[in-house]
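The structure under discussion appears below in the form of structure tokens.
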Amino acid sequence: MTARVIAGVKGEQPMAFVMRDALAAAILAGCLSGAGWAWQDEASDEEVPAGEAESQTADTVTLEDPAASLVEPESLREAPGYTLAEGDIVPVICPFGDAIDYEPGEISCGLLAVRENRETETSRIIQLLYVRIHARGPEDDENGDDEGDDDFEPRPDPIAYLTGGPGVGVTSYVERFVEHAATETRDLYILQQRGITQSGDFCPLFSLEEPALNVGRTVAEQEEFALARQARCFDRAVAEGVDLSAYNTVENARDVRTLREALGFETWNVWGISYGSHLGQMLTQIDPDGIRALVIDAIVPNDLENLMRIHRWAGRVLDNIVTTCAADTACARAYPDLEARTFAAMADLQENPVVVTVSDTETFPGGEVAVGGAAIAFAPFSMMYEQSSHAGMAAVLDALVRAAERRDETVFTAIAVGANGDPTGGDFSPGMNAAISCNDGYTWHNAQVIAEDMDEVPGLAGLIGSVAGAGASQALCEQYGMGLRDRADYMPVSFDGPALVVNGAWDPITPPDLARQIMPGFSNGQYVEVPFAGHGPTRSDECAADIMVAFFDDPSAELDMSCVETANSQPEFIIPMSSDFAARAIVAMEEDPPALIRLLAWGGLSGLVLGLALIVFPVAFVLRRIDGAASANTGGARAASIIAAALGVGGMAVLGYAAYVTSEISPIVLIAGFAGPARIGAWAVLLGGLAGLAALFLVAGARLSSGRMAFGTLGGIIITAIAAVSLAVFAAVAGLTPF
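For the sequence shown, the tail end lands on 750 under the numbering used here, and the numbers increase by one without skipping.
Right, dumping it as structure tokens:
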């Protein structure tokens, strides 16, 4: 296919991707479910060299107003004089704003014109955003010597990355991949799939309309409200002329083929994770000759068989956590009977949810949110996606169980406030997700297996969905003409090209069983299972990424997989210092910011005084030595106050470092407390308070015995001692104590 290029246009501002509630809809969205800008069809006849289409311009398009060459995409939709045909490319300014820091020439973007429904002759043309991350060149070696070449040229075989969700926009991927091993020597192209944000999101207000639909108190209500949102979305899309049946993985694969042909590549490497692995398998049927080498990770089988066993996979996550904890002496001692307590707490919350009050009545009319048992099950579930978060899973699970046992409204209010996130949906398009779930059969498969799936893990039954709700979801799909597509396109694939299939052993939503299930169809395929890795190790695990790049370098070579067995080990669960400070701070930030400011000002001012004392006391000592003046007899009060200041400042510094270490594991771990040396810091602050009391006692004794003491000396000791005591009291009030 040849391509034309239309004059560049300025892009929209991006939105950040948001994590959503860990209920059934969010779990389905993690591995499942547009339309765009409409244009008239026109033939294309200009030849474009491989990979250069997005950087050229052509005179094959008319503009009644030349000034319209730089307009917003929303305005471009109405611009007079434009005609587009399938495969046409419009260069655009990348719509990232300040979200991604890059220099011109490092990242470039364009719009690809495609037919919305290639199975209908009269289908309209829509435009899809794509991003090109330009190869950055070889890195410096370990000695700091530049291994690069001033005349560096990227390898001629770029990578096409197939995004996940479905429904996730490109911004989060670009952020992650600009420094990834895959973009060191190759350009990487990311096509934002149809129906996602700038690629024609047909329900941009999905989560904003009818806020009353945010407050379902039971699973049945939540399912009912979710279906109501989908129906509103589908109604809007149909009214705007969107062909909902065209939002499926077959058309997504055809879009990828069109992009390859439009850019002029005969073949390219293909890499897909999660839903992208499903799209990659579909691409082996739609464009097998265009695939030089294929890497798919976090496998979604093309036939979707066994994928929708959400209860089974959630039960597997809990089993991994409690089994690993039980085998660790410290963890087992810190969190006894974790499995039994977890299922008991989930059952109790499901029967009697904790209803918390929130101030955001715009998002939650009525100001109340009900938190049920799913919160306990799916907080650690979401943490298992990223291997860096694994160390905190047991602590978070125990903290949630303890909160349920105490019916701790503070913790659950913090969860409700935090889960709200960005109500706009951020870089995620739920409407596209819902359409693909319908058309591809995710919804149908869920309706077929949910009863059996719930029976398999009865402790989770009813937490994340119901048989009735699953059936109603499928009925809604069929009501809008999105029944099950022809399954001939969704059979297990057979592909004889070079393929690398990768899966994390601890992947929560697409576990290794699904990867092994598809391997017989890859006659020239290799399988890598990364121990203890989460969802998509080629994206986040250095070993898996290096194996992938080596495979792309030479798909026929025997791969060195020695790092797989040594790179990852069983996580060592942390036992943080228990504290509700983070939960209380989150709630106060939302409900009573002045109270939080006062609390932090109290601790900050006390710490500031102690910090100044650590400067003033040594300076005063030096000045006395210079002047030859004798030091006043303080009866040891001066030394005690210096010790108090050092302990207070040092303790708070250690607590701050512990908070940083904890948040690096995962911010949600902060609801369990503070990891690392937090206990040392907390003890130091308390001991500093005791030293402050000692200083006050000693200075009073010295004053009584000698009768005289310089005002500056007396004042310095008293102020420092009071600040140390104040800081210790602050720590106790704030919940920053070691016991």
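Glycine included, every Cβ here is placed at the ideal spot set by N, Cα and C.
What span of residues does the alpha helix (DSSP H) with residue i cover, start to end?
| i | result |
| --- | --- |
| Val253 | Premise fails: Val253 is in no alpha helix (DSSP H) and is neither H nor E. |
| Gly536 | First-last for Gly536: 536 to 541, but that is the beta strand (DSSP E), not the alpha helix (DSSP H). |
| Thr731 | 722 to 745 |
| Pro441 | 441 to 451 |
| Ile297 | 286 to 297 |
| Arg413 | 404 to 417 |
Rounded to whole angstroms, what is the Cα-Cα separation between residue i and residue j?
| i | j | result |
| --- | --- | --- |
| Asp308 | Gly175 | 11 Å |
| Glu467 | Asn313 | 24 Å |
| Ser210 | Val179 | 11 Å |
| Gly746 | Leu305 | 52 Å |
| Met293 | Asp507 | 14 Å |
| Ala686 | Asp591 | 13 Å |
| Ala526 | Thr353 | 30 Å |
| Glu3 | Val680 | Residue 3 is absent from the model: the chain starts at 12 and stops at 750. |
| Asp359 | Gln233 | 18 Å |
| Tyr346 | Val333 | 9 Å |
| Gly618 | Pro376 | 41 Å |
| Pro91 | Thr133 | Summary for Pro91: the model assigns pLDDT 48, below 50, so the residue's position carries little reliability, and this model does not support an answer. |
| Gln203 | Trp324 | 28 Å |
| Asp497 | Gly452 | 10 Å |
| Ala343 | Gln581 | 15 Å |
| Thr424 | Thr335 | 29 Å |
| Asp162 | Pro149 | 12 Å |
Keeping to the same chain, check which residues put their C-beta closer than 8 Å to that of residue i; ignore five residues upstream and five downstream.
| i | result |
| --- | --- |
| Gly473 | Val230, Gln361, Met465 |
| Arg205 | Gly45, Ala46, Gly47, Val125, Glu127, Ile137, Leu139, Gly211, Ala257, Tyr258, Glu262, Asn263, Asp266, Met443 |
| Asp339 | Glu583, Phe584 |
With DSSP run on the structure shown, which of helix, strand or coil describes residue i?
| i | result |
| --- | --- |
| Pro509 | coil |
| Phe586 | Before going on, a small fix: residue 586 reads as Ile here, not Phe. Three-state result, Ile586: coil. |
| Ile691 | helix |
| Gln138 | strand |
| Arg240 | helix |
| Ile520 | coil |
| Ala641 | coil |
| Pro215 | coil |
| Ala568 | coil |
| Asn331 | helix |
| Ile104 | coil |
| Arg527 | helix |
| Ile144 | strand |
| Thr189 | Position check: residue 189 holds Val in this sequence, whereas Thr was assumed. Looking at Val189 - three-state DSSP - the assignment turns out to be coil, as it is neither helix nor strand. |
| Val468 | coil |
| Pro222 | helix |
| Pro391 | helix |
| Val422 | helix |
| Phe375 | coil |
Taking 6 Å as the limit between beta carbons, can you name the residues of its chain near residue i, skipping five residues before and five after?
| i | result |
| --- | --- |
| Ala578 | Cys554 |
| Thr724 | Ala643 |
| His456 | Leu315, Met319 |
| Arg418 | Val365 |
Where does the unbroken beta strand (DSSP E) through residue i begin, and where does it stop?
| i | result |
| --- | --- |
| Ile626 | No beta strand (DSSP E) holds Ile626; the alpha helix (DSSP H) holding it covers 604 to 638. |
| Leu199 | 199 to 202 |
| Pro364 | Segment: none, Pro364 is in no beta strand (DSSP E) and carries neither H nor E. |
| Ser119 | 118 to 126 |
| Pro548 | Premise fails: Pro548 lies in the alpha helix (DSSP H), 548 to 551, not in any beta strand (DSSP E). |
| Leu173 | 170 to 173 |
| Glu379 | 379 to 382 |
| Arg303 | 302 to 308 |
Apart from the five residues on each side of it in sequence, which residues of its chain come closer than 7 Å, Cβ to Cβ, to residue i?
| i | result |
| --- | --- |
| Gly647 | Leu709 |
| Pro548 | Asp308, Val513, Gly515, Val541, Ala555 |
| Ser400 | Met394, Ile676, Ser677 |
| Thr260 | His289, Leu290, Met293, Ile447, Asp451 |
| Leu570 | Gln537, Ile558, Ala561, Phe562 |
| Leu487 | Leu238, Gln241, Ala242 |
Is there at least one Cβ from chain C nearer than 7 Å to residue i's Cβ?
| i | result |
| --- | --- |
| Gln459 | This model lacks chain C altogether, as it is built from one protein chain only. |
Under 8 Å: do the segment 187 to 206 and the segment 141 to 148 share three or more Cβ pairs, one atom per stretch? Yes, the segment 187 to 206 is in contact with the segment 141 to 148.
Does the pairing of the segment 369 to 386 with the segment 650 to 662 give three or more beta-carbon distances under 8 Å? With a cut-off of 8 Å on Cβ pairs, the segment 369 to 386 is not in contact with the segment 650 to 662, counting fewer than three such pairs.
The segment 619 to 636 / the segment 705 to 721 touching (three or more Cβ pairs under 8 Å): Here the segment 619 to 636 makes no contact with the segment 705 to 721; the two share fewer than three CB pairs at distances below 8 Å.
Report yes or no: do the segment 205 to 215 and the segment 440 to 448 share at least 3 C-beta pairs separated by less than 8 Å? In short, these stretches touch, since the Cβ pair count reaches three.
Using a Cβ distance threshold of 8 Å, determine whether the segment 170 to 189 contacts the segment 268 to 282, with at least three qualifying pairs required. Verdict: yes, contact present.
Inter-stretch contact at 8 Å, needing at least 3 Cβ pairs: the segment 584 to 598 / the segment 405 to 423: Segments in contact, yes.
Inspect the CB distances between the segment 510 to 522 and the segment 367 to 382 and report whether three or more fall short of 8 Å. By the C-beta criterion, the segment 510 to 522 is judged not to be in contact with the segment 367 to 382, since fewer than 3 inter-stretch pairs fall below 8 Å.
Given 8 Å, three or more beta-carbon pairs between the segment 421 to 429 and the segment 597 to 612: A contact between stretches requires three or more CB pairs, one per stretch, nearer than 8 Å, and the segment 421 to 429 meets this requirement with the segment 597 to 612.
At least 3 beta-carbon pairs within less than 8 Å: the segment 723 to 739 vs the segment 698 to 706: Cβ pair count under 8 Å is three or more, so yes.
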